[in-house]
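**Student:**
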Amino acid sequence: MNMNTHRNHAKAIYMCLFESATEKLYISYHSYFEGQDPEDLAVDLVTTYKRHTGRFKRTLYRGILLKKPVVSIAKLSRVTNARHSTAGEDHFFVQEKVYDPTLTAAIRDPTILRNVDRDSFYREYKDVMVKADAPAPHAAILIHYVNDPTAAKVFSIVGTVISITAGLVGACAF
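Here the numbering used here runs 75 ahead of the position in the sequence shown, where the first position is 1.
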């Protein structure tokens, strides 16, 4: 990415929340330039997700717990003031989360946003992104895990095939 193309564009921020299996929220602030490609934002989300969730944890969630990461837009409570607590952490309360198929697909493959119209993209996510000197946004990008029905079906089919095979082998052996 050529940073010279961003000199005429204002810097802005967005919040990325990560929800753990115990529903604890972790927050990460990110900056971007308003003229930046949406694909760059998706790459930043993927990098942040991988940095926050290590390889072992991703394998555990995906392979054993049969959960997949999804992106939602989280509406934050107005009670949230985004001031640092004495412990140095911000505290946010999620009022509502709405599944976002665009960003969910983009964390799997950021290139799908390569030719997306920048203005339309940033208009779509205007509640999440604010100018750097503005108050905290009242919405955030939330990455969390949900049960993966496809993985569960594959797991049950494989289990059934193994069970039937073992039964047939056992019946033929006696």
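Beta carbons: idealized from backbone N, C-alpha and C, even for Gly.
#1: Give a yes or no on whether the C-beta atoms belonging to A117 and P185 are separated by under 7 Å.
#2: For G245, which of helix, strand or coil comes out of DSSP?
#3: Who are the Cβ neighbours of L178 in its own chain at under 6 Å, not counting the five residues just before and after it?
#4: Counting C-beta neighbours from all protein chains within 10 Å, is the total for Y101 16 or more, i.e. buried, or is it exposed?
#5: Mind listing, in chain order, the continuous alpha helix (DSSP H) runs of no fewer than 4 residues lying wholly within the segment 181-234?
#6: Based on Cα-Cα distance, which residue from K86, Y200, D208 lies nearest to G110?
#7: Could you tell me the alpha carbon to alpha carbon distance between I216 and I239, rounded to whole angstroms?
#8: Using C-beta distances below 8 Å, list every residue in its chain close to G163, excluding the 5 sequence neighbours before and after it, in chain order.
#9: Give me the Cα-Cα distance between L140 and Q170, rounded to the nearest whole angstrom.
#10: Looking only at its chain, what residues have a beta carbon closer than 7 Å to the beta carbon of T161, apart from the 5 residues adjacent to it on each side?
#11: Checking the sheet assignment: what are the DSSP bridge partners for H105?
#12: If you run the structure through DSSP and keep just helix, strand and coil, what is E98?
#13: Should L188 go down as buried or exposed, given a rule of 16 or more other Cβ atoms within 10 Å for buried?
#14: How is the alpha helix (DSSP H) around Y338 delimited, first residue to last?
**Tutor:** In terms of the structure at hand:
#1: Contact: yes.
#2: In the structure shown, G245 adopts helical secondary structure according to DSSP, grouped into three states.
#3: Excluding sequence neighbours, L178 sits near V146.
#4: Around the CB of Y101, fewer than 16 other CB atoms lie within 10 Å, so the residue is classed as exposed.
#5: If we require 4 residues or more, the alpha helix (DSSP H) runs fully inside the segment 181-234 come out as 193-199.
#6: Nearest C-alpha to G110: K86.
#7: Between I216 and I239, the C-alpha separation is close to 45 Å.
#8: Since pLDDT at G163 reaches only 46, below the 50 mark, its modelled position is unreliable, and the value read off the structure follows with that caveat. Answer for G163: no residue qualifies.
#9: Taking C-alpha positions only, L140 is separated from Q170 by approximately 26 Å.
#10: Residue confidence for T161 is low, a pLDDT of 42 falling below 50, so the modelled location carries little weight; the figure read from the coordinates is stated next. Only residues of its own chain outside the window of five on either side were considered, and among them none has a CB closer than 7 Å to the CB of T161.
#11: The bridge partners DSSP lists for H105 are Y89.
#12: Three-state DSSP puts E98 in coil, outside helix and strand.
#13: Looking at its Cβ environment, which holds 16 or more other Cβ atoms inside 10 Å, L188 is buried.
#14: No answer is possible for residue 338: it lies beyond the span of the chain, which begins at 76 and ends at 249.
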